[in-house]
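Numbering (the working numbering), first residue to last: 602 to 791.
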């Protein structure tokens, strides 16, 4: 500790204050600015490190959960065999019934690119409209439910590419008529 005699400290002449440095040494020559700069830089680094880690974890988690290989693997192992077994007899490449060919869909991305077509397929499967009752082979209940569940997840899930936040909400100032109507509605004054 440094002891400096400070005249007039606490109103007593000749007393010393232990632990205090001279004012010039403490604040002089811009050292306070340097301290503030170092403090802000340290806070900025901590925030940057803290913000970067969750983003990296989130992107890795998204790739694992909604990654393309998992979606394509499920499509190719469960959905495509059911479609090939039953649907492609009538809705194949050669003279498809109702002008609907399902033969060109070989991946989940192709299904999602033709959303309207698959929404109609989903509706027909849900009401048991396809395949027709007199057609053999029919989809088993398990195959039908598997197709419905997969289409429901892929067609009607929230799109992560679209923003959740619609943007800044501006404050609307009521005009005279709106204000009078509001007061009348709230207070019942006519």
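All residues carry an ideal CB built from backbone N, CA and C; glycine is no exception.
Quick caveat: nothing in here was measured; it's all calculated off a predicted structure.
- Check whether residue 701 and residue 689 have beta carbons under 8 Å apart: Translated into positions along the chain shown, residue 701 becomes position 100. Translated into positions along the chain shown, residue 689 becomes position 88. It is not a contact, given that the beta carbons lie outside the stated cut-off.
- Would you mind working out which of 650, 696 and 707 sits nearest residue 683, comparing C-alpha positions? Looking up residue 683 in the chain shown gives position 82. Measuring from the Cα of residue 683, the nearest candidate turns out to be 707.
- Message: By the DSSP assignment, the alpha helix (DSSP H) with residue 736 in it spans what residues?
- Response: Taking the first residue of the chain shown as position 1, residue 736 is located at position 135. Note, residue 736: premise wrong, no alpha helix (DSSP H); not H, not E.
- Query: If you draw a straight line from the alpha carbon of residue 749 to that of residue 678, how long is it in whole angstroms?
  - Reply: On the chain shown, residue 749 is found 148 positions in, with the first residue counted as 1. On the chain shown, residue 678 is found 77 positions in, with the first residue counted as 1. Spanning the two alpha carbons is a distance of roughly 15 Å.
- Query: Which residues mark the beginning and the end of the alpha helix (DSSP H) in which residue 783 is found?
  - Reply: Sequence index remark: in the chain shown, residue 783 carries index 182 (1-based). Its alpha helix (DSSP H) spans residues 777-788.
- Query: When burial is assigned at 16 or more other CB atoms within 10 Å of the CB, is residue 638 buried or exposed?
  - Reply: On the chain shown, position 37 is the one that residue 638 refers to. Exposed: under 16 other Cβ atoms inside 10 Å.
- Message: Could you compute how far the alpha carbon of residue 774 sits from the alpha carbon of residue 784?
- Response: The sequence position of residue 774 within the chain shown is 173, counting from 1. The sequence position of residue 784 within the chain shown is 183, counting from 1. One C-alpha to the other measures close to 14 Å.
- Going by Cα to Cα distance, which pick from 752, 747 and 743 is closest to residue 718? To locate residue 718, count along the chain shown from 1; it is residue 117. Answer by Cα proximity: 752.
- Answer yes or no: does any C-beta atom of chain B fall closer than 8 Å to that of residue 651? No chain B is part of this structure, which consists of one protein chain only.
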